[in-house]
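Chains as they are written, first to last, in this note's numbering: chain A, 53 to 171; chain B, 648 to 1141. In what follows, a single structure is set out as C-alpha cells and then discussed.
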Amino acid sequence: MTFLYNYIYYIGCFGLVFIGLYIILVKHNLIKIIIGLNILDTGVNLFLISIGYIKKGTAPIFSNPGINPNRMVDPVPQALVLTAIVIGVAVLALALSLAIMVYQHYGTLNLRKVKQQRW
Amino acid sequence: MVNPVLLIVVPLGLAFTVPLFGFISKKTVKYIPVVAMGFNLILSLLLIPRVLEHPLVLSIGGFPPPFCINLTVGPLGILLSAVIALIGFLVSIYAMDYIRKGSVEKYQMLYILLLVGATGAVLTGDIFNLFVFFEILCISSYALVAYFGDSLGVEAAIKYLIQGAIGSTFMLLGIGLLYGMFGTLNMADIAKNIKLQNSIPISLFVPLALFITGMGVEAAIFPLNSWLPDAHSSAPSSISAILSGIAIKIGVYGVVRVMFTLFGMPSIFHLLLFIGIITLLIGELAAFGQTNIKRMLAYSSIGQIGLIVFALGIATPYGISGGLFQILSHALSKALLFLAVGYMIYRTGSMDISTFQGIGRKMPLTSLAFTIGAFSLIGLPPFIGFPSKFLIVRAALAKKEGILFIVLIFLVLFATIIEGAYFFRVIQVLYFKENKENQDKKDAPFSALVPLIILTVFILFIGIYPKPVMKLLRLASWELLNKMDYIKWVLGAG
C-alpha cells in the first residue's frame, strides 16, 4: 500500500493519459475525440504538477523567513502548466470550431464517414 | 547593437496589430507580413557575420543562463531563421494578390504567427520555450489549412489537429520527464547532465521516444505522416508553400536538436537513417501514383523530408551539411513549385494534372518557374538541388561501413529516379500537349511573378556558386555534432 500511497499522483495522471489516448484511438465521434484530447492534456498537466509537488509543502515565498526551503513546492512546473493550459484551451477551441464546420459540411460527426481524402 | 530577440518580438507585435490596421484600412493589411518578414530577413543577414564570429547567447530576465529563458543564436539557428524570413517574405509578396477571399486580416495575422513560431523554435535555448513556439506554429497552421472553409480543408485541418495535438502532448510529457530527472529546462544544462556512452537507460529512452514521436508528427517522418498530403493539398497554395518549405523543417529541426544536442549518442543516429529511407521511399512511391498536382507535391515533400532525415542520420560533418543544404534547397524549390502551381490551379480551376495541357505556352513564366523548381528538386546540375544531393551521396559513400551504405545510397538514387519520372510527366503535359480549352489563359500577375523570379534566381545562383553557403553549413553542422561546444557557449567554460 505504501507504493500506492507514494505514487498515487503518477498512477492517476498516467491513468488519465491512457484513458485519453484510448478514447482518441477507439471512438469515432469527433466530440468524443476532442474530449479525449482534453483528458490527455489534463493528465499531462497533472503529471507536470506532481513532479514539483511536496506533500504538505508551501508556496515559495522568500520574503517570509519562517518557511523552510525544503518544504517549498517547485514553482517552475506550475508556470509550465499555466502555459500548457492556455495552449490546451486554444487547441480545444479551434478543434470545437472545426467540429462545427465538419458538421456543416458533412452532416455528421462520425469521422468514419468524413473521408473525401485518402492516400 | 542589433539584438536577436527582435527577430521574435517585432513580428509578434506586428501580428497583433494586424486587426487594428484592418480597422483603419483593409488595404494596408496585406503589407504588414511583407514588412515583418523583410525586417526579419535584414536582421538575420546582419546577424550572420556576428554569429559566425561568436554565437550569441541572450538571457532574458536578467538571470544567468541555467536559470533563465535564453536564446541561443548559433550558426544553425541564424541560418534557419534567415531561410524562414526569406521564404516568408517572398510568400507574403505572393499572397498580396493571391489571397482575396475570406477575411484577409485573419489570414495575415495567422501567417505572421506561424513564422514567428518557426523563428522562435530555431532560436530558443530552452526546451519548454521550444514547445511553446512549436505550438504557436502548429495552432496557426491548423487554422490556416482550413482557411477557405471548404469541406476538404476542414477535413484535413481536423485530422491534422488531432494528430498534432497528440504529438505535442507527447512532447510535453517528455519535457516533464526530463525536468523531473534533472530539474532544469535549459537545453545546454540538460545536455550536460545526460552522459551517454553506448547504451541508453530506460529512464532516458522514454523521453527520447516521446520527443521523436511528438516532433515527428510535425516533421512527417514515416508512420506519423498521414495528415500531410491532406493538409498540404487542401490549404491555400501560399500556405502549402510555407507548410512544405518551413513548417515540416521545424519538426526535423526539433528531432535533430533533441537527438544531437540533448542526447548525442552515436548509436541512435542509425535509427534516423532507417526512418529517413523508409519515409523517402514511401513518399516518392505515393507521389508517383497521384493525379492531383498538389497531392503529388505534398507526397514529394514527405520524400524530401526522408532524404533530409537520412542525411542528418549519417552524422558526419559532410552528412549533416548535406542534410542542412537539402533543407535549404527543398525550402526554395518546393516553395517555388507550390507558388507556381497556385496560379496554374487558379487559372484552370482544377488540380488535375491533365487539365494543365498546353499551359506552358500560355503561362510561360509560371511554367518556366515550375520547371526549374522540378529540375532542382530532382537534382539536375545547374540548380541548387544538385550540390545538396551530391553532398549527401558523397557523405554516405565516405562512411565506410560495408555494404549497408551502398544499399542505402542505391535506394536514395532509386527514389530520385521515381521523382524524375513523375516530375517529367508533369512537364511533358505542360509543354508538349495541346488543349483547346486553355487558349485564353493569362500569365500570373506581377506580384506573383516577383517572388517566383527571385526564388529562381536564388536556386540558380546557389546551384552555380555553392561555396559561401557551404561554409555556413559546415559551421552549422559543427554546432550539431559538438555537443560540448554548445554547452560551453551557453553555460560558460565551467
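A virtual CB, placed ideally from N, CA and C, is assigned to each residue, including glycine. Here the structure is a predicted model, which means the values were calculated and not measured.
> Which word fits B/T860, buried or exposed, when buried means at least 16 other C-beta atoms lie within 10 angstroms of its C-beta?
Replying inline: buried
> Is B/M998 helix, strand or coil by DSSP?
Replying inline: coil
> In chain A, which residues lie with their C-beta within 8 angstroms of the C-beta of B/T1013?
Replying inline: What B/T1013 touches in chain A: nothing, since even the nearest Cβ is about 26 angstroms away.
>> Using 8 angstroms as the threshold, is the C-beta distance between B/I1101 and B/L688 below it?
In response: no
> Does the beta carbon of B/T719 come closer than 8 angstroms to any beta carbon on chain A?
Replying inline: no
>> Would B/I952 and B/V899 be called neighbours here (beta carbons separated by less than 8 angstroms)?
In response: yes
>> Would B/L843 and B/G911 qualify as a contact pair, given that the criterion is a beta-carbon distance under 8 angstroms?
In response: yes
> Which whole runs of the alpha helix (DSSP H) in the segment 855 to 910 of chain B are 4 residues long or more, in chain order?
Replying inline: 875 to 881, 884 to 889 and 895 to 903
> Apart from the five residues on each side of it in sequence, which residues of its chain come closer than 6 angstroms, Cβ to Cβ, to B/T1002?
Replying inline: T995
>> Any C-beta of chain A within less than 9 angstroms: which residues of the segment 765 to 787 of chain B qualify?
In response: F775, F778, V779, E782, I783, C785 and I786
>> Please report the distance separating the alpha-carbon of B/I725 from that of B/D797.
In response: 37 angstroms
> Going along the chain, which residues of its own chain have a beta-carbon closer than 7 angstroms to the beta-carbon of B/I922, five neighbours each way excluded?
Replying inline: I868, F869 and V956
> Can you give the Cα-Cα distance for A/K167 and A/R123, rounded to whole angstroms?
Replying inline: 54 angstroms
> For B/V720, which residues does DSSP report across the bridge?
Replying inline: B/L703
> Going by C-alpha distance, which of B/L927, B/K1089 and B/P1011 is nearest B/I1074?
Replying inline: B/P1011
> Whose Cβ in chain B lies nearer than 8 angstroms to the Cβ of A/M153?
Replying inline: A793, G796 and V801
> Of all the options A/S102, A/Q130 and A/L100, which has the alpha carbon lying nearest to the alpha carbon of A/P112?
Replying inline: A/Q130
> Apart from the five residues just before and just after B/I783, which ones in its own chain have a Cβ nearer than 8 angstroms to its Cβ?
Replying inline: L760, L761, V763, G764 and G767
> I think B/V801 touches B/A812, with their Cβ atoms under 8 angstroms apart; what is that distance to the nearest whole Å?
Replying inline: That belief does not hold up - the Cβ atoms of B/V801 and B/A812 are roughly 16 angstroms apart, past 8 angstroms.
> With a CB to CB cut of under 7 angstroms and the five nearest residues on each side skipped, what residues in its chain are close to B/V676?
Replying inline: V665, F668, G669, V751, E752 and Q755
> Which chain B residues sit within Cβ distance under 8 angstroms of A/T160?
Replying inline: Within 8 angstroms Cβ-Cβ: nothing; A/T160 doesn't reach chain B, min ~12 angstroms.
> Is B/S997 buried or exposed, if buried means 16 or more other CB atoms sit within 10 Å of its CB?
Replying inline: exposed
> Is B/T938 buried or exposed, if buried means 16 or more other CB atoms sit within 10 Å of its CB?
Replying inline: exposed
>> Taking 8 angstroms as the threshold (beta carbon to beta carbon), is B/T938 in contact with chain A?
In response: no
>> Can you pull the chain B neighbours of A/P129, defined as C-beta to C-beta under 9 angstroms?
In response: G823, Y826 and G827
>> I want to verify the contact list: residues of chain A whose CB lies under 7 angstroms from the CB of B/A812, in sequence order.
In response: L89 and V143
>> Closest to B/I655 by C-alpha separation, out of B/I731, B/P722, B/K673 and B/S947, would be which residue?
In response: B/I731
>> Can you tell me whether B/M1131 is buried or exposed? The criterion is at least 16 other CB atoms within 10 Å of its CB, across all chains shown.
In response: exposed
>> On a Cα-Cα basis, can you pick out the residue from B/G823, B/F686 and B/M862 that is closest to A/A136?
In response: B/G823
>> Using a Cβ-based criterion (distance less than 7 angstroms to any ligand heavy atom), does B/G1110 qualify as near the ligand ZN?
In response: Inclusion of the ligand ZN in the displayed structure is not the case, the ligand content being empty and no account of it being possible.
> Would a C-beta distance cut-off of 8 angstroms place A/L163 and A/I83 closer than the cut-off?
Replying inline: no
>> Just to make sure I have the definition right: I need the residues of chain B whose C-beta is within less than 8 angstroms of the C-beta of A/I139. Which are they?
In response: V779, E782, I786 and S815
> What separation, rounded to the nearest whole angstrom, lies between the Cα atoms of B/P1113 and B/N872?
Replying inline: 32 angstroms
> If we count the other Cβ atoms within 10 Å of its Cβ and call it buried at 16 or more, is B/P1028 buried or exposed?
Replying inline: exposed
>> Rounded to the nearest angstrom, what separates B/S850 and A/T110 at their Cα positions?
In response: 29 angstroms
> By DSSP, does A/N120 sit in helix, in strand, or in coil?
Replying inline: coil
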